[in-house]
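Following the working numbering, the numbering of the sequence shown begins with 43 at its first residue and continues without gaps.
We put the CB at the ideal spot given by N, CA and C, even for glycine.
Everything numeric in this text was worked out from a predicted model, so none of it was measured.
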Amino acid sequence: MLIYPVYALLFADAGLTGGQISSLFAIWSLAGFLLEIPSGAWADTFSRRRLVAGALVLRSIGFALWLLFPSYLGFAAGFLLWGASGAMTSGSIEALVYDELAAQTRSEAGDGAGEGAADRYVRVIGRGNTVALLSMLVATALAAPALAVGGYPLVGAASVAVGLAGAAAAWSLPETRPQEQEEVRGYLAMLRAGLAEVRGQPQVGRVVVLLATVTGLSAIDEYFPLLARATGASTVAVPLLFTLPLAAAALASALADRWSGISPARLAGAVGLAAGTLAVGSLSGHPAGLLAVAVCFGVLELFTVVGEARLQETISGPARATVLSVTGLGSEVAALAVFAGFGFGESTLDIPLLMALAGLPLAGAALLTQRWLPPSTPRIFRENASDSPCR
């Protein structure tokens, strides 16, 4: 999406204040907050594939509203649709991929031998995220010349087209429903099953809280363009600088398969290091310091892929997307806290200092990672997965 690295600038150039921009981000998160768990249960009850395709259409409509009505209300309406779209895809894609891999594992090795779904999940999601991030990297690099040639209308129209193409791609995905899902009848029954697993399984609950916290803190990427501008970068150069965190995240997701078995202690150390590089880079006062900030985003991406795989291993019930949506809901809560902090802090503190302060909760998450994140147990999972036939 060419508009992604510059939409914060679009809002600023339309006359919105820093507080208004933060309130738009809060509206975005609030929409996802309200729809996150209901859409997860919907994905477990009906078709995840169709839900994802419809979500991408809604996102494209939201971008179109930004182009047609470049005002606070138009931006807010677009963010409402984007928030709904995010809720509909959150958990649905991951559950769709995991259950499809479990079905393949079952058909290839009915006795549980060989590579399991948990092993494949890290590889497939890692590679998928790498392709997505590299595509975003290319789009970000193209955003600068596109912005110079056609302004915001060109980058916005291209983003609408990409969303519609994504909807068509989502529609073409395969979908296999696990047998245990057929045993739970009705939307409310599926919703209760997912919530019961989060509440009743302590390990699941802890990983949900940890993953939600770290992924929610990644909402600081919305302020990266403003941070880049604060270092003295021009508006046209901001999209190019935005390629730094994207490249770091793409590299991390590409290497996630190699680090899928990383111990909780080592991953905790990496998260602690990320908190430090975020603070140092943000306070450097020079565009070169954004390299250190990019390291933080790389670690966050690695944590997301590995953390999701560990959570997938712990889920044993039929409402996989619902459990993952609870994680998404927690992530939205953390993101709302980030946006509120920046919104209220903007009146007295500058963006670089606010970005540096975001490293404090990240350091706290590092301590929890060592205690709460379970080690990788693919063999145990494979044995459990082999007992759950899929059709």
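Under three-state DSSP, which class holds residue i?
i	result
Asp55	helix
Arg413	helix
Gly192	helix
Ala294	helix
Gln243	coil
Arg101	helix
Met178	helix
Pro112	coil
Glu217	coil
Asp153	Low per-residue confidence applies at Asp153: pLDDT is 46, beneath 50, and the placement is therefore not dependable, though the value from the model is reported in the following sentence. Correct three-state label for Asp153: coil.
Val278	coil
Asp299	coil
Ser81	helix
Phe117	helix
Val48	coil
Arg424	Only weak support exists for where Arg424 lies, its pLDDT of 41 falling under 50; the value from the coordinates is given anyway. DSSP places Arg424 in helix when its eight states are reduced to three.
Phe266	helix
Gly60	helix
Phe75	helix
Met232	helix
Ser89	coil
Phe284	coil
Thr273	coil
CB-CB under 7 angstroms to residue i, same chain, minus the five flanking residues each way: which ones, in chain order?
i	result
Val204	Met43
Leu98	Ser127, Gly205, Gly208, Ala209 and Ala212
Gly120	Gly104, Phe105, Leu107 and Trp108
Phe384	Ser64, Tyr265 and Leu396
Phe67	Glu264 and Phe381
Thr285	Leu179, Thr182 and Ala183
Leu410	Leu252
Arg1	Nothing in the structure corresponds to residue 1, since the chain is present only between 43 and 433.
According to the neighbour-count rule (16 or more other Cβ atoms, all chains shown, within 10 Å of its Cβ), is residue i buried or exposed?
i	result
Val337	buried
Gly198	buried
Asp392	exposed
Thr59	exposed
Ala190	exposed
Ser418	buried
Ser302	buried
Ala330	exposed
Asp55	exposed
Glu136	buried
Phe339	buried
Thr255	buried
Thr390	exposed
Glu217	exposed
Leu402	exposed
Phe53	buried
Ser295	buried
Ser305	exposed
Who are the Cβ neighbours of residue i in its own chain at under 6 angstroms, not counting the five residues just before and after it?
i	result
Ala312	Val341
Ala307	Gln412
Ile69	Ala118 and Phe121
Gly57	none
Ala361	Asp86, Met232, Ala235 and Gly236
Ala334	Thr319, Val322 and Gly323
Gly156	Residue confidence for Gly156 is low, a pLDDT of 45 falling below 50, so the modelled location carries little weight and cannot support an answer.
Measure the beta-carbon distance from residue i to residue j and round it to whole angstroms, keeping in mind my assumption that it falls under 8 angstroms.
i	j	result
Leu123	Arg92	That pair is no contact at about 18 angstroms.
Thr277	Leu51	6 angstroms
Ala298	Gly168	4 angstroms
Leu282	Pro394	Between Pro394 and Leu282 the Cβ distance is about 19 angstroms, and since that is not below 8 angstroms, they are no contact.
Ile357	Glu239	7 angstroms
Thr273	Leu332	7 angstroms
Ala377	Ala261	4 angstroms
Leu315	Phe345	Not quite, the Cβ-Cβ distance comes to about 12 angstroms (not below 8 angstroms), so this is no contact.
Ala363	Gly116	Between Gly116 and Ala363 the Cβ distance is about 32 angstroms, and since that is not below 8 angstroms, they are no contact.
Less than 8 angstroms between C-beta atoms, sequence neighbours within five positions excluded: which residues of the same chain meet that for residue i?
i	result
Pro195	Leu109
Leu353	Val246, Val249, Val250, Leu253, Val365, Leu366 and Thr369
Leu269	Ser324, Leu332, Val335, Ile393, Pro394 and Met397
Counting contacts by CB-CB distance shorter than 7 angstroms, is residue i in contact with chain B?
i	result
Thr364	Here there is only one protein chain, and chain B is not present.
Which runs of the alpha helix (DSSP H) spanning at least 4 residues fall entirely within the region 373–411, listed in chain order? For the region 373–411, the continuous alpha helix (DSSP H) assignments of 4+ residues that do not extend past its boundaries occur at 393–399, in sequence order.
Go through the region 316–382 residue by residue and report every complete run of the alpha helix (DSSP H) that reaches 4 residues or more, in order. If only uninterrupted alpha helix (DSSP H) runs of at least 4 residues are considered, those enclosed by the region 316–382 are 332–356.
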